[in-house]
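J.: The structure follows.
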Amino acid sequence: MRLKIASAALAMVLAAGTQANAETLKFAFQGTYNQLDPYSLNETFSLSMHGNVYETLVRRSADLKIEPALATSWEVIEPTRWRFHLRKGVKFHNGNDFNADDVIFSADRVRAEGSDLTQVLSAEVKVEKVDDYTVDFILPGVNPILHSEWENWPIMDKEWTEANDAVKVTSASDTNPNYASLHANGTGPFKIASHEPGVKTTYTVNDSWWDEKQHNLTGAEFTPIGSDATRVAALLSGELDMAYPIPVQDIKRVDNNAGTSALTGPELRTIFLGFDQRRDELTYSNIKGKNPFKDVRVRKAFYQAIDVDAIKAKIMRGLSEPSALLISPFLFANSGDFSRYPYDPEAAKALLAEAGYADGFEVSMDCPNDRYVNDEAICQATAAFLARVGIKINLNAQPKAKYFAKVLASGGFDTSFYMLGWTPGSFDSYNILKNLNNCRDDKGTASPFNLGGYCNPKVDELTKLVLSENDEEKRNALISEAYTIINNDVSHIPLHQQGLAWGVSDKVTVTQRADNKFLLKYVNFK
Amino acid sequence: MFGFISRRIAMALVVMFVVALISFLLFRFVGDPVNQMVGVETTPEQREALRQRLGLNDPVLTQFFRYIWGAVQFDFGNSYQFKQPVADLIGRRLPATLELSFASAIFALLLGIPMGVYTGLNRDSWLSKVFLSVSLVGISLPTFFIGILFIFLFSVTLQWLPSFGRGEVVQIAPFWDTGFLTASGLKAIILPAITLGLYQMTLIMRLIRAEMLEVMRTDHIKFARARGLPNRSVYYVHALKNTMVPVITITGLQLGSIIAFAIITETVFQWPGMGILFLQAVQNVDIPIMAAYLLLTAFIFVVINLIVDLLYVVIDPRLRTERGRA
Amino acid sequence: MTDNTPTVSGSEVSAASRSALARFLDSDLLHSFLSSKITVLAAITTLGLMLAALFAPLVAPFNPFDLAQISILDARIPPIGMEWSDPRYLLGTDDQGRDLLSGILYGMRISLAVGFLSVAFAAVLGISLGLISGYVGGRTDAIIMRIAEVQLTFPAILLALLIDGIASGIFGNIDRETWAIWILTFSIGLSFWVQYARTVRGSTLVEKNKEYVQAARVIGIPAWIIMIRHVLPNVLGPVLVIATINLALAIITEATLSFLGVGVPSTQPSLGTLIRIGNDFLFSGEWWIAIFPGLALAILVLAVNLLGDWLRDALNPKLR
Numbered sequence: 001m002r003l004k005i006a007s008a009a010l011a012m013v014l015a016a017g018t019q020a021n022a023e024t025l026k027f028a029f030q031g032t033y034n035q036l037d038p039y040s041l042n043e044t045f046s047l048s049m050h051g052n053v054y055e056t057l058v059r060r061s062a063d064l065k066i067e068p069a070l071a072t073s074w075e076v077i078e079p080t081r082w083r084f085h086l087r088k089g090v091k092f093h094n095g096n097d098f099n100a101d102d103v104i105f106s107a108d109r110v111r112a113e114g115s116d117l118t119q120v121l122s123a124e125v126k127v128e129k130v131d132d133y134t135v136d137f138i139l140p141g142v143n144p145i146l147h148s149e150w151e152n153w154p155i156m157d158k159e160w161t162e163a164n165d166a167v168k169v170t171s172a173s174d175t176n177p178n179y180a181s182l183h184a185n186g187t188g189p190f191k192i193a194s195h196e197p198g199v200k201t202t203y204t205v206n207d208s209w210w211d212e213k214q215h216n217l218t219g220a221e222f223t224p225i226g227s228d229a230t231r232v233a234a235l236l237s238g239e240l241d242m243a244y245p246i247p248v249q250d251i252k253r254v255d256n257n258a259g260t261s262a263l264t265g266p267e268l269r270t271i272f273l274g275f276d277q278r279r280d281e282l283t284y285s286n287i288k289g290k291n292p293f294k295d296v297r298v299r300k301a302f303y304q305a306i307d308v309d310a311i312k313a314k315i316m317r318g319l320s321e322p323s324a325l326l327i328s329p330f331l332f333a334n335s336g337d338f339s340r341y342p343y344d345p346e347a348a349k350a351l352l353a354e355a356g357y358a359d360g361f362e363v364s365m366d367c368p369n370d371r372y373v374n375d376e377a378i379c380q381a382t383a384a385f386l387a388r389v390g391i392k393i394n395l396n397a398q399p400k401a402k403y404f405a406k407v408l409a410s411g412g413f414d415t416s417f418y419m420l421g422w423t424p425g426s427f428d429s430y431n432i433l434k435n436l437n438n439c440r441d442d443k444g445t446a447s448p449f450n451l452g453g454y455c456n457p458k459v460d461e462l463t464k465l466v467l468s469e470n471d472e473e474k475r476n477a478l479i480s481e482a483y484t485i486i487n488n489d490v491s492h493i494p495l496h497q498q499g500l501a502w503g504v505s506d507k508v509t510v511t512q513r514a515d516n517k518f519l520l521k522y523v524n525f526k
Numbered sequence: 001m002f003g004f005i006s007r008r009i010a011m012a013l014v015v016m017f018v019v020a021l022i023s024f025l026l027f028r029f030v031g032d033p034v035n036q037m038v039g040v041e042t043t044p045e046q047r048e049a050l051r052q053r054l055g056l057n058d059p060v061l062t063q064f065f066r067y068i069w070g071a072v073q074f075d076f077g078n079s080y081q082f083k084q085p086v087a088d089l090i091g092r093r094l095p096a097t098l099e100l101s102f103a104s105a106i107f108a109l110l111l112g113i114p115m116g117v118y119t120g121l122n123r124d125s126w127l128s129k130v131f132l133s134v135s136l137v138g139i140s141l142p143t144f145f146i147g148i149l150f151i152f153l154f155s156v157t158l159q160w161l162p163s164f165g166r167g168e169v170v171q172i173a174p175f176w177d178t179g180f181l182t183a184s185g186l187k188a189i190i191l192p193a194i195t196l197g198l199y200q201m202t203l204i205m206r207l208i209r210a211e212m213l214e215v216m217r218t219d220h221i222k223f224a225r226a227r228g229l230p231n232r233s234v235y236y237v238h239a240l241k242n243t244m245v246p247v248i249t250i251t252g253l254q255l256g257s258i259i260a261f262a263i264i265t266e267t268v269f270q271w272p273g274m275g276i277l278f279l280q281a282v283q284n285v286d287i288p289i290m291a292a293y294l295l296l297t298a299f300i301f302v303v304i305n306l307i308v309d310l311l312y313v314v315i316d317p318r319l320r321t322e323r324g325r326a
Numbered sequence: 001m002t003d004n005t006p007t008v009s010g011s012e013v014s015a016a017s018r019s020a021l022a023r024f025l026d027s028d029l030l031h032s033f034l035s036s037k038i039t040v041l042a043a044i045t046t047l048g049l050m051l052a053a054l055f056a057p058l059v060a061p062f063n064p065f066d067l068a069q070i071s072i073l074d075a076r077i078p079p080i081g082m083e084w085s086d087p088r089y090l091l092g093t094d095d096q097g098r099d100l101l102s103g104i105l106y107g108m109r110i111s112l113a114v115g116f117l118s119v120a121f122a123a124v125l126g127i128s129l130g131l132i133s134g135y136v137g138g139r140t141d142a143i144i145m146r147i148a149e150v151q152l153t154f155p156a157i158l159l160a161l162l163i164d165g166i167a168s169g170i171f172g173n174i175d176r177e178t179w180a181i182w183i184l185t186f187s188i189g190l191s192f193w194v195q196y197a198r199t200v201r202g203s204t205l206v207e208k209n210k211e212y213v214q215a216a217r218v219i220g221i222p223a224w225i226i227m228i229r230h231v232l233p234n235v236l237g238p239v240l241v242i243a244t245i246n247l248a249l250a251i252i253t254e255a256t257l258s259f260l261g262v263g264v265p266s267t268q269p270s271l272g273t274l275i276r277i278g279n280d281f282l283f284s285g286e287w288w289i290a291i292f293p294g295l296a297l298a299i300l301v302l303a304v305n306l307l308g309d310w311l312r313d314a315l316n317p318k319l320r
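Protein chains in written order, with full-length UniProt numbering: chain A, 1 to 526; chain B, 1 to 326; chain C, 1 to 320.
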């Protein structure tokens, strides 16, 4: 412990020593940073940007382990009652004290109408103030992963939000933004100095941050740059200190360029394809009166017709890991037990013939073209692979806003065959089963991102058991069982975990987290 | 003279009215605004209440006048994507686009006019041939491709000029931030302005050249020369002056297309202007932004047209009496 | 406002500018500067490219729209002469393993199809409206010319973007593979009709008061039949010039829209789509994906422009 303090002190001295060199970090991302209201949008990039300003009760370390933040410690005092001890002396940027009232207020707000983050805390959980710095969470049932998604639940200042009439969350479909979506007041290491959605956002350092500073920035400036070529060019020419994502084809160039290098690593997000298995007739197909995707042989034929290794080699340039599951192997201990169905076009043809589609059929495929790494190219390649077993794909690749509006619950799951990527916010398989594989109704209430409506009651049962099982090994066995069923049913076609690629100037050091969150608190100018 | 001006203004108003009507129809009937605002779980009653609140149940005519009344006060509703008033969004981006358009127009005129005069006077010199060939190639290469090549050459390979953004901007008025006052801002505008202005420059050059060729053949230039006036004075005072009428017309009319082409240039160079905003709006079916952009560009165009017409009268006195040319 | 009270209205100003524009291109540009050999070369090039595009299924080594013929394993093979090239792919392949030469030929087909269709659409629309405007005159004329004026407010790109946005707003999620070409044709064509209308209107106004028209009217022959018979041949020259220049412009506009992502989809690439795809690979050294389609586009447009210039000169008696 003493050693740690000493090294921390040394780090402080070093940081102070390099203070003269410290600068404003200029960074860019492909998408825009729209609303500052931290509960408006459940999207990794916005959440990471909020994370520079707002803080949470517990947070994830660089290697994604849960660690104390605004809560110093917590204990499960009864199986369904968790007690959190809050950090004292923390102040919001406006000078207000952080206390239990803010936690309770934030718990209400994050679950209120309009919030896109309702999943971080179940509606049935009661939050009770014990004293100013102690809060109890009373659960409806046992839940070992209660706090697993809390890094995405920023704590807001009750007084500030109320005083500025911003209690109601500006939802993603609201047209009238409130004060909190244009201003921010957190407890975090940075403050928002200016914010122009779609143009520029600037940060200044919060000098009264409670935690020890690991960065040596004096500020940061964010610009959204949608065009890949422009973003790369700006990094190469030194106008940016950091840019992400870097298209896989430009990684080499960024590395070879003097003064920049590419930082790559595996991402937790799994890219997969899904089928409409719920409708009795596909909306976009030439097969009428029945739904070919209800037949597991057809789904398996699609699976085996696609060569993920070729996609990895040619489209992802090696920067992807073909996956047998809908979850990254980093997040599930038993993933080694699972393997992909082999690429085998002949077997695929045979399966199709067996299912009565020897001559193939036509189906439309929905695909985003600005969301995942090379998403449109992967969909095109998929269409080409399927063409060789007689399936004609009509590709409908669109910008993500239009794409999501069509295929998600809000668009009535209007798709027959689609591509989607998923990172479990809790870093846990329960999130996968619950969101992607449980039976759903037409509105998607029970399993909102199970776009194709895959349904196997046994999986639902296992999901419930997984939620309340405290023993790690037993829990993993249950998860394995569920995944085995899902794989046998070919509920989806898992493709790969895409790789992360950040471009970083040699002047700075950054920390790349596997959830693709870029946090300013780790950035240092050399 | 007065009649002419008032007629022109009346016509400009008619044009604006028609555009406003189109813009209103777009706003009101393309993509039900209520559907864009609420989620799928909103009940029909809630939707009806919202329609009532937004005044969507009023007679269409009432709605139209309300829309126009709003537009006159710069109220175009809120963007579906950004949840902010469209007027604010456009207002913040207008300076960027106007500065870019201005810089590119200056570039086009400053280079286009001398090149046109030169090629007009020295028809057979090798430099004229170079100018003309380059201009033809310039017209045949799409703007976006030129922009990409510029970035590749000047930003990535040579690293002389920035490839994106406006550089550092200075707030000179509540609604105006300028990039003209900082070194980085000036550097940042060079590539986009040239990309945007290249086509116009070519057009102006070719126009002036043709006008010069024609004017030089006319009698009063021959007279001027016969009177022994020095060449310079003949060329620049008499000849050039006579070419100015079509140049002003074309330049004025081209300003409209500069604003349209700015969409492409802004996309390639990530210039934070209205063009990118508009393109994003099209891609995301953000109707309020599309409608407002439509109105605004039409307005700018009409105003420019009006100014061109008035300048026309000032420059070419014959028009004041003749009242027209067929 | 009728045609016999001429004022310097916007339409006439623009008409004047058109004639000014025509005048500068009417110069002996090609005789004095580019020898006529270049025109011949341009004509041969244009014709060659058009034939190659027309017969692409016979000429092209592959059918790039047939996904079953594409193998991702052949992606990004460099053109002949470079290391790692493949003799099957003369100009190399794109990111999906599509043969670039075939892609360019088929892409040019789409570019030219959109070009010709939109020019035809614009010409038919413009000539009809011009005839009506000039012949009927009065209020009809005023209305059509005012519409033309409003129309001029929207340059092709802007109009096409708007129509695309409106189309996807009205029809929700349209099937791009089927509809993209028609949306492009409609929106590009719609932005070009004004020039034809003005030219034809002017010519019609001149013919209208000539004696033979009056005479025809007297003997009861519907005068508009005569009008069409006499006016059309007169305007054929200018219309041809406008159409040629428009063709070049339409091809560029289509490419630009496809580059901006609102044109034809990537499974049926036009030249613009190919350049958009290739643009992503420009910095990584795979320059051929963008450069070859870019060159093809530039050569095609340049050739058409040269022809247009020459046509202007050739059809303008003033210069001879």
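No residue lacks a Cβ here, since even glycine has one placed at the ideal position from N, Cα and C.
Exposed or buried, ASN488/A, counting other C-beta atoms within 10 Å across all chains shown (16 or more means buried)?
T.: If you number the first sequence from 1, residue 488/A lands on position 488. The residue is exposed, with fewer than 16 neighbouring Cβ atoms inside 10 Å.
J.: Taking 8 angstroms as the threshold (C-beta atoms), are VAL156/B and ALA501/A in contact?
T.: Numbered from its first residue, the first sequence carries residue 501/A at position 501. Numbered from its first residue, the second sequence carries residue 156/B at position 156. No, these two residues do not count as a Cβ contact at 8 angstroms.
J.: Does the beta carbon of PRO368/A fall short of 7 angstroms from some heavy atom of the ligand SAH?
T.: For the structure depicted, the ligand SAH is absent and the ligand set is empty, with no information on it obtainable.
J.: Would you mind stating whether GLY165/C and MET290/B have Cβ atoms separated by less than 8 angstroms?
T.: Translated into positions along the third sequence, residue 165/C becomes position 165. Translated into positions along the second sequence, residue 290/B becomes position 290. Their beta carbons are under 8 angstroms apart, which means GLY165/C touches MET290/B by this criterion.
J.: Spatial neighbours of ASP177/B within its chain, please: C-beta separation below 7 angstroms, excluding the five flanking residues on both sides.
T.: Translated into the one-based positions of the second sequence, residue 177/B becomes position 177. These residues qualify, in order along the chain: PRO95, VAL169, VAL170 and GLN171.
J.: Is DSSP giving LYS392/A helix, strand or coil here?
T.: Translated into positions along the first sequence, residue 392/A becomes position 392. Here LYS392/A sits in strand by DSSP.
J.: Could one say the Cβ of LYS402/A lies closer than 8 angstroms to chain B's Cβ atoms, at least one of them?
T.: Position 402 of the first sequence, counting from 1, holds the residue named residue 402/A. Closer than 8 angstroms to some Cβ of chain B, the Cβ of LYS402/A qualifies, so yes.
J.: Comparing alpha-carbon positions, which option in ILE271/A, ASP165/A, ASN450/A and GLU362/A lies nearest VAL389/A?
T.: Residue numbering aside, residue 389/A sits at position 389 when the first sequence is read from its first letter. Residue GLU362/A is the option with its Cα nearest to VAL389/A.
J.: Within this structure, are the beta carbons of ILE181/C and VAL264/C separated by less than 8 angstroms?
T.: Here the question's residue 181/C lines up with position 181 in the third sequence. Here the question's residue 264/C lines up with position 264 in the third sequence. Yes, they are a contact pair.
J.: Could you give the first and the last residue of the continuous beta strand (DSSP E) run that contains HIS50/A?
T.: Against the first sequence, residue 50/A aligns to sequence position 50. Premise fails: HIS50/A lies in the alpha helix (DSSP H), 44 to 50, not in any beta strand (DSSP E).
J.: Using only the alpha-carbon positions, how far apart do GLY197/B and PHE107/B sit?
T.: In the second sequence, counting from the first residue as 1, residue 197/B sits at position 197. In the second sequence, counting from the first residue as 1, residue 107/B sits at position 107. Their backbone Cα atoms lie some 6 angstroms apart in a straight line.
J.: When you compare only the Cα positions, how much space is there between ALA20/B and PRO59/B?
T.: Stepping through the second sequence from its first residue, residue 20/B is reached at position 20. Stepping through the second sequence from its first residue, residue 59/B is reached at position 59. About 17 angstroms.
J.: Could you name each continuous beta strand (DSSP E) segment of 3 residues or more that falls completely within the stretch 332 to 402 of chain A, going from the start of the chain to the end?
T.: Every beta strand (DSSP E) stretch that sits fully inside the stretch 332 to 402 of chain A and reaches 3 residues is listed by chain position as 362 to 368 and 392 to 398.
J.: Helix, strand or coil: how does DSSP classify ASN279/C here?
T.: Within the third sequence, numbered from 1, the residue matching residue 279/C stands at position 279. Residue state, collapsed to three classes: helix.
J.: So, with DSSP's three-state summary, where would you put GLU128/A?
T.: What you label residue 128/A is simply residue 128 of the first sequence in a count that begins at 1. Note: GLU128/A maps to strand in three-state DSSP.
J.: Indicate whether the contact test is met: 3 or more Cβ pairs, each with one atom in the stretch 257 to 271 of chain C and one in the stretch 148 to 165 of chain C, closer than 8 angstroms.
T.: yes
J.: With H, G and I counted as helix, E and B as strand and the rest as coil, what does DSSP make of GLY263/C?
T.: Here the question's residue 263/C lines up with position 263 in the third sequence. Note: GLY263/C maps to coil in three-state DSSP.
J.: Whole angstroms are fine: how far does the CA of VAL282/B sit from the CA of ILE9/B?
T.: Indexing the second sequence from 1 puts residue 9/B at position 9. Indexing the second sequence from 1 puts residue 282/B at position 282. If you take the alpha carbons of ILE9/B and VAL282/B, they lie about 31 angstroms apart.
J.: Return no unless some Cβ of chain A is closer than 8 angstroms to the Cβ of ALA75/C.
T.: Within the third sequence, residue 75/C is the residue found at index 75, counting from 1. So, interface residue.
J.: Find the residues of chain B that neighbour ALA229/A, judging by a C-beta separation of less than 8 angstroms, and give them in chain order.
T.: The residue labelled residue 229/A in the question sits at position 229 within the first sequence. The answer, in chain order, is ILE148 and ILE151.
J.: Assuming ALA226/B contacts THR97/B (C-beta within less than 8 angstroms), just tell me the rounded distance between them.
T.: As a first step, residue 226/B must be located in the second sequence, where it is residue number 226. As a first step, residue 97/B must be located in the second sequence, where it is residue number 97. About 50 angstroms separates the two Cβ atoms, so there is no contact after all.
J.: With a Cβ-Cβ cutoff of 8 angstroms, do GLN254/B and SER237/A count as a contact?
T.: Start at 1 with the first residue of the second sequence, and residue 254/B comes out as number 254. Start at 1 with the first residue of the first sequence, and residue 237/A comes out as number 237. For GLN254/B and SER237/A, no; Cβs fall outside 8 angstroms.
J.: Could you pull out every residue in the same chain whose Cβ sits closer than 7 angstroms to the Cβ of MET50/C, ignoring the five residues on either side in sequence?
T.: Sequence index remark: in the third sequence, residue 50/C carries index 50 (1-based). Result list for MET50/C: LEU112, in chain order.
J.: So, using beta-carbon positions, are PHE92/A and LEU70/A closer together than 8 angstroms?
T.: Looking up residue 92/A in the first sequence gives position 92. Looking up residue 70/A in the first sequence gives position 70. Judged by their CB atoms, PHE92/A and LEU70/A are not nearer to each other than the 8 angstroms cut-off.
J.: Would you kindly work out how many angstroms separate the C-alpha atoms of ASN476/A and ASN456/A, rounded to a whole number?
T.: As a first step, residue 476/A is located in the first sequence; it is residue number 476 there, counting from the start. As a first step, residue 456/A is located in the first sequence; it is residue number 456 there, counting from the start. For ASN476/A and ASN456/A, the distance between alpha carbons rounds to 19 angstroms.
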